[in-house]
Amino acid sequence: SVIGALSILDDRPRFGVSAAEMLFLEDSADTITSHLDATILRSQQQRSERLIQALGLFNNQKSSLREWWIGQDNERLRKTGRYQDQKPNSQDRQTRMDHEFGVQAGSDTSVASQRRRQRDASTAPEPAQDVPTGPSLTTSANANAAEIRETQHVAVTDFDQRPLKTQEEQPPVIDVAKLVQSDERPGNDELSRQVKSKSDDFDLARNLENTYARASNLICEAMRAEGVIFVDAKAASATLKGFSTRSHSTLASSQPSASRRLPLTDTELRAFIKRYPHGNVFNITDSGGVYSSSGEDVSTASSEDIDSQRSSTSNLRKTRVSRDAARLGKVMNGAKTIAFLPIWDEGSENYSSCVFVWSTTEQRFFDTTEDITYIAAFSHSLTAELNRLETTASDRAKGTFISSISHELRSPLHGVLAGAELLQETELTRFQKEMTFTITMAGRTLLDT
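Offset between the sequence shown (1-based) and my numbering: plus 1263.
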């Protein structure tokens, strides 16, 4: 298929194109097409590597792609050969990570971050007074090249001087305070509860909440989404199990997820699960409608050989998808594409939770084949991790119960053994001696258990 045209302009009249020039144009067009194909393949490879890395980090009990990404980005900058005289410091790395993944509230207030900034500020080299603090060699070369291009009436902006996107160029950010409703505000009792739970050996509720928080944050960073929300499918109201956006996350929140809920009723959530048991994608237009590429093909059949019943069913499904997309568009204001998937739990044989992933980037559309499949694969790892935590909690509870019972039985057993020894020192019949011996052996067996 034709994707464009290569046009050559000149300010002087030309009489035809020679065979050599036409061959050169054909070679140039082939080179451009090959470059575009290579760019697409590289982009797909980087995206696949990012998705797989997020899944591996989740299985390794990690919660973010930031450290892995900054290593890849440093390697990319090293291979480009640019800015060799500029060594990236901690602040530069943090700026690049915040530009890629967003700045989450509370993430820059940690003690480690403060110490890192203080160390960078104290170790920053001061400019010498006898040496002019002018631009580096690379910057000087770029400035000289810019002057030459200006005299030749060519573009004067060097390609490596592109600033980062300004706030106006960024996609609209959804207000998570309006999206995620809270039943109560965190107080001193909640903070003390968290401090107390951290001191315990194993807290199932805290570990489950942390697992959902890690999963939501990794999915959000891997898919370059605006936000990810896990909703409890068993609760009467759509309470949250964990969420992550570019500005907020349950990883950095002091408030438990159980005190937050999504502005959806349980009836609406069950209807979503019933209509889309295998997940669905809602690609929303600027007018609030839904594209025909959302989920399965819901376009109305116009062929004469298709009966009216099938056409009416297609129209009904299209109406439902549009209505559901409009409802989710009100909840996630500004979202251009939304992915929904219910998570099935084999242990309880029921849906345990649902996940919503959305993006506000223009011309960004989720795909059922790729994105829903990846979310489903991630949900399998999430379910396995949740089952492991529940099994660990059950084993610990059994061990605690057995230890408690064993401790409670030791004192009575000592009394039984002492009484049996006293009975053996008295005159007993043959039958009484056998019974006393049986009691003694049984008591010692229980004592050694």
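Glycine residues also receive a C-beta, built at the ideal position from the N, C-alpha and C atoms.
Among the options, the one whose alpha carbon lies nearest that of residue i
i	options	result
residue 1360	1500, 1483, 1328 and 1540	1328
residue 1545	1584, 1536, 1534 and 1514	1584
residue 1528	1542, 1365 and 1502	1502
residue 1548	1539, 1481, 1470 and 1628	1628
residue 1713	1616, 1696 and 1538	Residue 1713 lies beyond the range of the chain shown here (1264 to 1712); nothing can be said about it.
residue 1219	1701, 1605 and 1470	This structure gives no information on residue 1219, because the portion of the chain shown stretches from 1264 to 1712.
residue 1641	1466, 1305, 1355 and 1606	1606
residue 1337	1353, 1326 and 1482	1353
residue 1704	1676, 1514, 1689 and 1533	1676
residue 1530	1498, 1303, 1510 and 1322	1498
residue 1708	1680, 1475 and 1662	1680
residue 1365	1513, 1633, 1478 and 1509	1509
residue 1662	1490, 1702, 1356 and 1465	1465
residue 1332	1310, 1343 and 1322	1310
Where the beta strand (DSSP E) through residue i begins and ends
i	result
residue 1608	1600 to 1608
residue 1546	1543 to 1546
Identity of the residues DSSP links to residue i by a beta bridge
i	result
residue 1617	1494 and 1605
residue 1553	1547
residue 1622	1600
DSSP state of residue i mapped onto helix, strand, coil
i	result
residue 1510	coil
residue 1666	helix
residue 1277	coil
residue 1651	helix
residue 1627	coil
residue 1689	coil
residue 1593	helix
residue 1271	coil
residue 1466	coil
residue 1488	coil
residue 1474	helix
residue 1482	helix
residue 1452	Here the model assigns residue 1452 a pLDDT of 42, short of 50, so the residue's position is not dependable and the matter cannot be decided.
residue 1515	coil
residue 1265	coil
residue 1581	helix
residue 1661	helix
residue 1642	helix
residue 1684	helix
Run of the alpha helix (DSSP H) containing residue i, from where it starts to where it stops
i	result
residue 1699	1693 to 1711
residue 1335	1329 to 1343
residue 1319	1282 to 1322
residue 1537	1529 to 1538
residue 1634	Taken as a continuous stretch (DSSP letters only), residue 1634 belongs to no alpha helix (DSSP H), as it is neither H nor E.
residue 1353	1353 to 1364
beta-carbon residue i near the ligand ADP non-hydrogen atom, thresh 7 Å
i	result
residue 1614	The model on display carries no ligand, and the ligand ADP is accordingly not part of it.
Three or more C-beta pairs closer than 8 Å, one from the stretch 1589 to 1599 and one from the stretch 1540 to 1554: is that the case here?
Segments in contact, yes.
Three-pair Cβ contact test at 8 Å for the stretch 1630 to 1650 versus the stretch 1473 to 1492
The count of Cβ pairs closer than 8 Å, one atom from the stretch 1630 to 1650 and one from the stretch 1473 to 1492, reaches three, so the stretches are in contact.
Contact between the stretch 1285 to 1304 and the stretch 1312 to 1324 is defined here as three or more beta-carbon pairs at a separation below 8 Å; is this criterion met?
When C-beta atoms of the stretch 1285 to 1304 are compared with those of the stretch 1312 to 1324, fewer than three pairs fall below 8 Å, so the two segments do not count as touching.
Three CB pairs or more closer than 8 Å across the stretch 1597 to 1606 and the stretch 1272 to 1280:
Verdict: no, contact absent.
Using 8 Å as the Cβ pair cut-off and three pairs as the minimum, do the stretch 1473 to 1484 and the stretch 1319 to 1335 touch?
At 8 Å Cβ cutoff, the stretches touch.
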